[in-house]
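Participant: Shown below is the structure under consideration.
In my numbering, the protein residues as written are 36 to 160.
Listed below in structure tokens is the structure:
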């Protein structure tokens with residue numbers, strides 16, 4: 036986790052660290068969430084550690100894929116079943132990043148004010 040924070044130059048939220056330390060590479064239940072007027076689902080929490088054969092679910096690899104397409108300060112932590120990325124958005128607050136959804140086209144949509152708010156809002160889809 037420290038390596039990731041150092042590479043990205045951010046401090047990840049403590050509530051995220053607790054969840055990902057137990058559930059990286061897994062899908063939370065419930066996993067539904069709202070985006071604007073629509074619904075979506077959290078597919079998998081990206082992995083902090085490298086797992087051979089599962090590189091596409093790595094935080095580092097996912098960041099390298101989306102980095103050219105998103106503003107600076109946005110970092111992925113999960114993926115939806117449709118291939119969109121749930122990301123921390125540090126542009127407004129380095130201490131409390133918002134949660135945004137980055138579409139496959141690269142558009143950014145607000146989801147929650149914090150990681151904990153997202154977790155509290157998940158529902159059965």
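Where a beta carbon is used, it is the ideal one built from N, C-alpha and C, also for glycine.
Computed from a predicted model, the values in this text were never measured in an experiment.
#1: Going by Cα to Cα distance, which pick from 125, 68 and 46 is closest to residue 106?
#2: Establish whether the CB of residue 72 and some CB of chain D are separated by less than 7 Å.
#3: Would you list the residues sitting across from residue 93 in a DSSP beta bridge?
#4: Determine the burial state of residue 91: buried for a count of at least 16 other Cβ atoms within 10 Å of its Cβ, exposed for fewer.
#5: Cβ of residue 201 within 7 Å of Cβ of residue 78?
#6: Over what stretch of residues does the alpha helix (DSSP H) that includes residue 155 continue unbroken?
Facilitator: Per the coordinate set shown:
#1: Of the candidates 125, 68 and 46, the one whose C-alpha sits nearest the C-alpha of residue 106 is 125.
#2: Absence of chain D from the displayed structure is noted, only one protein chain being present.
#3: BP columns for residue 93 point to 82.
#4: Using a 10 angstroms sphere on the CB of residue 91, the tally of other CB atoms stays under 16, which defines it as exposed.
#5: Limits of the chain in this structure are 36 at one end and 160 at the other, which puts residue 201 out of reach.
#6: In the DSSP assignment, residue 155 falls within the alpha helix (DSSP H) that extends over 150–156.
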